[in-house]
Structure formats: structure tokens, C-alpha cells
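In what follows, a structure is listed as C-alpha cells, so that the remarks can point back to it.
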Amino acid sequence: MKGSYCSLELPEILKEVSMQTNYPSSAQSIQNSEPDFSPLSWKRNISYLKEAMRYIQEKGPLVFFFRKEMVSTFQQASKGSLLHGSQLYDVIQFLGLVTSIYCYFQKAETKSIELKDLYESLVKEEAVEKQLKNMVDSQGEVLDSASVELRNIRSSIRRNEQAIASTAQEFIAKHSDKVVDGVITMRANRTLILVKSGYKNSFGGYVYGDSSSGLASYVEPAVLVSLNNQRLALYEAQEEEVGRILRMGSDLVQGIAHQGLANCSTLQILDQIFAKADWSIQHDACVPCLNEKQELYLKKVRHPLIDSKKVVANTYTLKEPHHMILITGPNTGGKTVSLKVIGLSILLSVCGIGVLAEKAILPMVDEVYVDIGDDQSVISSLSSFSSHMSKQAYIVEHVQKNSLVLLDEIGNGTDPKEGEAIAIAILNHLRQVGCMTFATTHYDRLKSYGKRHPDILVASVLFDMETLLPTYQYRQGLTGTSNAFAVAQRYGLPKSIVHYAKSLKEQAKSEGDRLMETLDQQRISLEKEKEKLEAEKELFLSRYKELHLKENALQAEKRRFEEEKDKVLHQVAHQYEEKARKILHQLKEKDLKYHEALSIKKKMDIPIHHELFEDISKRPFEVGDAVELLSSKQVGQIMKIEKKRITVELNGREYQVKENQLRHSLKQIPKKSQERVFVQTAHLFQTAIPSEVNLIGLTVEEGLHRLDDFLDRVKMGHLHQVRVIHGDGSGKLRQAVHQHLSKMKMVDSFRLAMPNEGGSGATVVILK
């Protein structure tokens, strides 16, 4: 990026804007963007900004609920690579996002003009999305329903696992004196049983090795061999079928890879446009009006990087017959900031970003030339003055009639008389070119020069002589002073020196200078009175408007209440009319005794209560409320409320919306939850009941006590099966647990866990 743009702090603003994007590639594109002054590009960017801001204000933010970069996935697919299940699920999410973004624009009341070509280029692949959804789940695992073959294979695997488990248990029960603690384990995906070494060759099958102590061996009895072989064959078949299904899914994605890449590009562009619009809305920026004349108008414009609570908004105007403004005033009074905010407003609009002003009319310049700051360099042997001259020489050589030039402290850094002469010569050249120029200066000769020429406006930043502080207020038509004496006194220069300096200046003044000072002071006084009157007028108008709106709201509420009252009365009257008709029918049908007739009369005497239920929509929004976004029907939570803006968290991201874009929601905000078992208590509260208890590390007494507490809770939850984790160790805790379980009435049966359930270190308990 050009150094002149950097001196206007454009990169800092672009970095802020990029933080509103959803994709890293979008953020990088914004940060690397260069202003393009071609009229076609500039107008298109402003049109994009205008329409995006309108969409956000009418429908709420454009929500990217899936924010993963998909370019590499589609590139892999286009080459015929096999995609993983998780990649196929990412494609499902991406295709859903494309449909959601397309519908966001299609359902808008006011149709887009400029953005239409963008969102209509999005291609929805609903058929492919549906097919992929039948293949993989949200974890990227291939679904049983992906094919009949896979469903059958997995059903066979489950039956095989059950057969292996029951066969192993039967074997252990039959040979309890030869096995070691009923231990079942898994090696090379085959189920083995731990038997005493002396019996390892007594059951046929295969021996897979001995335990570390040498007292036991891992044996695959003959009764398990065929079942284990069957399991291996089934797993191989499953792997083959899963690979076939992933290949089918990858081929589907390959068929849409080209369009997928195009959709990625379109979404990235939309992401950048709406990021700029989001930032603009958050900063109360306006969409500038562009004109091909040399006219600039910035009403109450602010610098984006200055704290909004401290920044002073100013109004700048430059149009025919004027082409140049000379800004004077004290040091640190805001002259340089004025140049920056004017230049930055132009650059932001070129980039399609809003201008921080109440209203902005900007000339379509062909370039912004800037000489701000001190770029003196020891390496380049450039002094402060040399640095300025180098940049100003470049400007003079390249400037055109449609350019904008910003010069800070022109002619400064050398002998004042020579500096003034060079400054006047440069300004004369710029006037001859006819470009728009803003320049700051302290030189009295330049101030006089500006007053002598009708195409130059003089302006000043104000200084408060009572507090000896700058006010940062910009005023056109005033010739400011440097206020060097006040500033020097404020920073501790002795009063005697300051007084002497003042007397020297007075001696050098002409009668004309004194007259001009008097006129400027009178004008400043009149400007203050005008400001006071304008403020009072604005306050009066705002209060009048507020009262008028309240009156209209009260009238509307009154009408609504009357309509609601009539509706309720009509409904209640109809209900009692029906009730009376039924009672009269009962009286005609049969003879009633006195107490029966009295009972019917009491039913008819029920009074009508005009009770209107509380309408939740009339309750003010509060932080923490669940709310629904009207445009997308998505439910989020209010995180912060500031004036007329509400910050809502949606899908892990915060958005700023207006009140009229939300309504209260009775839906619960979805939260991430762990996999637990939930039961319903007698008081209709949901309580999480664990399905296992861990006793490892406890003594036998402590373990049994915890086991009792656990089973008491499980009994309330009506669980059918739980797991007790006791570990292997010496086996004392496992033995104590088994003895304790055998005495409990609520226990139907128990067994050592299968290898995939924890093996001999856990016991599975079946409850009655």
C-alpha cells in the first residue's frame, strides 16, 4: 500500500473492518486491498455498501453459520481424490449455507439491484446435499442407511458380537476351575480367554501367549475360532463397503466441484461487502453521495480511530468557485486531523466503506496526494525539509485537475521567508492545475495570501483562551493564530519571557493586522452565539418529535386495546351463549329437583372477568433474553444493550441489530451438552443420572459405600443397566463388589465386562 495512504491510517481501519468477516481469506483480502479510483469500481462499491446496509437494517445480519474455508476440499474433489466422511459433512454444511444465503436475499421485501448478480450466481445443489445427508452423520461417520449392504453387514456384526460374548461367558461358566477370574481380552481383533497355563492346550483352538507371570495363557478356544473368523470377515466387508460409499460421495462432490469453487468465491465477496456494511452501521457511518463536480461536503464528520466519546465532529465544505482551503490555528489543535479525516473519508468510500458523518458528498477524484508527517531519515540522508520537498515535488509532477491534495505545514522546516515563498509558489501551481487542495500553515504571509484570492477559503481550528486548551473545532472563514504564547505559558515558560515576546510581536504589527484580529474575535463570538442557538433549536425539534411519536404510540395502543377488548368480550359472550343454550336444553328435557336446578343456576351466574394476559412481546428486552431474529428465525441470546442497538449472540458470533429486527422467543437457546442419561422426577425436573461409577483407588469399605449411594440414585432413574469400574489390582475389590451385588434385591444379574466395555476391570450390572 502507498505510504501516503498509510499516513492517513487507512491500513488500521481496514484491519478493524476485516475483523467483521467470517473467513480468514476475506479478512486478508480486505487488509490487502488497494483503493481503486476508477469510476466504475468506485460506484459499484458504494452501491454494494448501500444495499448491504439496507439488508442488515431491514432483515438483520447476513449469518454465515458455517465458516470453514472449502476451496481446498473442492480442489481435492475436482482431481478425483477420495474425501473423508468429515469432508463430506463439511460439503453438506456448505451447501446448506449457500441455500440459506440465497434465501436471505430472495425473501427480502425490496429486491436488490447491484447485489442481485452476486447472489443469483450462487447455485443450490439440493439434490447432492440430500444424497450426502443419507451417507454421513455430523461426526463424518458413514450411516447404516447409506446402503442396504452396509446395513446388513453391521447387523451381522452386532449379532456376531453378541454370539461371541455369550459363547465366551458359557465357556467361562463351564470351565470356571480352569480360567483365571473369568478374564476376556482382545488381541489382533480376536476374543481370547485367560486360562491357567496347565490347561492351555486342553480346549483346542490356539494359544496367543502367556501372561507376564507365566501362570496363565491367552487362549482362543475352538468354540470361538469360527466366530472370530466371521467377525474379521465382516469387518473387512464393512471397510470395503464404507470405502465404496465414500467413493460415491466423493464422485458426487467432484461433479459439483467447479460450481462449489465459484460459490466459495461469491460467498467471500459477499462476506467482505457485509463486513464493511456491519462496520459502517456499528460506527454510525453514512453512505456517501458521489459527484463528478469538484464538490466536497462532510457534515459532522468524525475520525474512526479517535474514541467516540472524545472525538469532536466537524463540518467541511469546498465547492465552486473555491478550490483550496488554508487551515490555520494552534499546534495540537486538530489541523492535521482535519486533513486526515478528509482524505480518509475519500479512501474509505473508494473501498466501499461508510463515512463517519451525518451526510457526505464526495468528489470522484482520480487520486489522493498526501504530504503529512515527518519522514526524515538518517539512512536516506533526508532532513525533515528534504523529506517534505521530495514528496511535494512528486505531487507537483503528477497532480491532475481531478486530484485531491493534502499538505500539512507547507513550507515548514526551513527559513520562514524562503519557506513562505516556496509554499506560495507550490499553491499557485496547484491553483493553475485546478485541483482541490487542503493545506495547513502557521505563516502569516500565507494567511494574507489566502485572503487575497477569491478561489481560496481560509479556515481555523479554535483555541480556548480561558483554559489555554485547543477545542478541536473547525471554522471556515476565520483566520486562526498559532497561540504560541498561551501554549508556551501553559507548558511552564516564565511569564516575563512570554510578556516580552508579546511586546515584540505588537511592535511588528501593522494597523491592518490589528483590525483583522478584532474582526476575527467578533466573528468567533458570533459563531459561538450561532452554535448556541442551533443547539437549542435541535433540542426543541427533537423533543417535539419525541412527544409527537409518543402521542401516536399512545393512540395506536388505545386502538389496539379497544379492539382486543371487543374481541375478548365477543368470545366470552359467545361461550356463555352456548352454555346457556345447553342448560336450557337440559331444563326442557327432564324435570329437575330443587338442588339440581340451583346447581345449574350457579353455573349460569359465573361472572365475566376482563383479564388480559400479559403479552410477552410488550416486555422490554433485557440482557440474557432468548430472542428470535425475524429475518432468519434463528434463536440467539442478548449479550448487550446500548441505546437503540442490541448485541445478539448467534452461532458463537455477536451481531448488532435494531429492536424492530427481534422478538422474544420461548425457545431455549441450544447449549452443548455431554452424553448423559436424563430422567423425569416427580416434580417434573430433569436430573442427570450417570450410568457408571468408578471405585478405583478406594478401600473395600469406601468402594461399597459409594456403590450403595450410586445404586440408590440409579434406582430413582429407572436405569436397566449400569457399569461398576473396580479395576484389576489384587482382585479384592472386584470380589467384594460381586459378593455385595449378589445380596441386593434390585440386582437381576451381573457379569464381567466385555473387552470393549472395560474387560476384567469392570462389572456390568443388570437391574430389575
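Each position in the sequence shown, counted from 1, maps to that position plus 3 in this note's numbering. The beta-carbon is built from N, C-alpha and C at its ideal position, and this holds for glycine as well.
DSSP assignment within the region 276-326 yields the following whole beta strand (DSSP E) runs of 3 residues or more, N-terminal first: 292-294, 299-304 and 317-321. About 10 Å separates the beta carbons of F206 and V228, which is beyond the 8 Å limit, so they are not a contact pair. Shown here, L633 sits in coil according to DSSP, grouped into three states, outside any helix or strand. For the pair P366 and L342, the Cα-to-Cα distance works out to about 16 Å.
For the region 28-54, not one full-length alpha helix (DSSP H) segment reaches 4 residues or more.
Counting of Cβ neighbours within 10 angstroms places C292 among the exposed residues, the total staying below 16.
The alpha-carbon of E581 is positioned some 54 Å away from that of V101. I175 carries a helical assignment under DSSP once its states are collapsed to helix, strand and coil. Take the alpha-carbon of V126 and the one of A111: they are about 18 Å apart.
Comparing C-alpha distances from Q23 to each of A424, G437, Q275 and Y397 shows the shortest one belongs to Q275. In this structure, I349 and K338 do not form a Cβ contact; the two beta carbons are roughly 18 Å apart against a cut-off of 8 Å. By the neighbour-count criterion, in which 16 or more other beta carbons inside 10 Å mark a residue as buried, Q90 falls on the buried side. Note that the C-beta distance between R70 and Y26 is below 8 Å. Under DSSP, V358 forms a beta bridge with C289.
Assigned with DSSP and collapsed to three states, N232 falls in helix. For the options V638, G414, P324 and Y452, the alpha carbon positioned closest to that of G655 is the one of V638.
The region 53-68 and the region 627-636 touch, with three or more beta-carbon pairs separated by less than 8 Å. Counting other Cβ atoms within 10 Å of its Cβ, N663 stays below 16 and is therefore classed as exposed.
By the 16-neighbour rule on beta-carbons within 10 angstroms, H708 is exposed.
Judged by pairs of C-beta atoms under 8 Å, the region 416-425 does not touch the region 288-308, as fewer than three such pairs exist.
In the three-state scheme derived from DSSP, where H, G and I count as helix and E and B as strand, K199 is classed as strand. With the rule of 3 Cβ pairs closer than 8 Å, the region 151-162 counts as touching the region 244-264. Comparing alpha carbon positions, the residue from S387, G416, T417 and D374 closest to V399 is D374.
If you check the CB distance, V358 and A462 do not come in under 8 Å.
Under DSSP, Q262 takes part in no beta bridge, so it has no partner.
Secondary structure at G208: coil, using DSSP grouped into helix, strand and coil. The three-state secondary structure of H445, taken from DSSP, is coil. The beta carbon of Y202 sits closer than 8 Å to those of H178 and K181, all from its chain and outside the five residues before and after it, given in chain order. Listed in chain order, the non-local C-beta contacts of G83 below 7 Å within the same chain comprise Q257, local neighbours out to five positions each way being set aside. For K661, the three-state secondary structure derived from DSSP is strand.
The bridge partners DSSP lists for G639 are V630. With a beta-carbon spacing of about 5 Å, G346 and V371 fall inside the 8 Å limit used to define contacts.
When the beta-carbon positions are compared, G761 and R726 come within less than 8 Å of each other. Distances from the CA of I427 to each of G437, G414 and M439 were compared; the closest alpha carbon is that of G414. With a cutoff of 8 Å on beta-carbon distance, G336 and F466 are scored as near each other. When only Cα atoms are considered, H502 and H445 end up about 21 Å apart.
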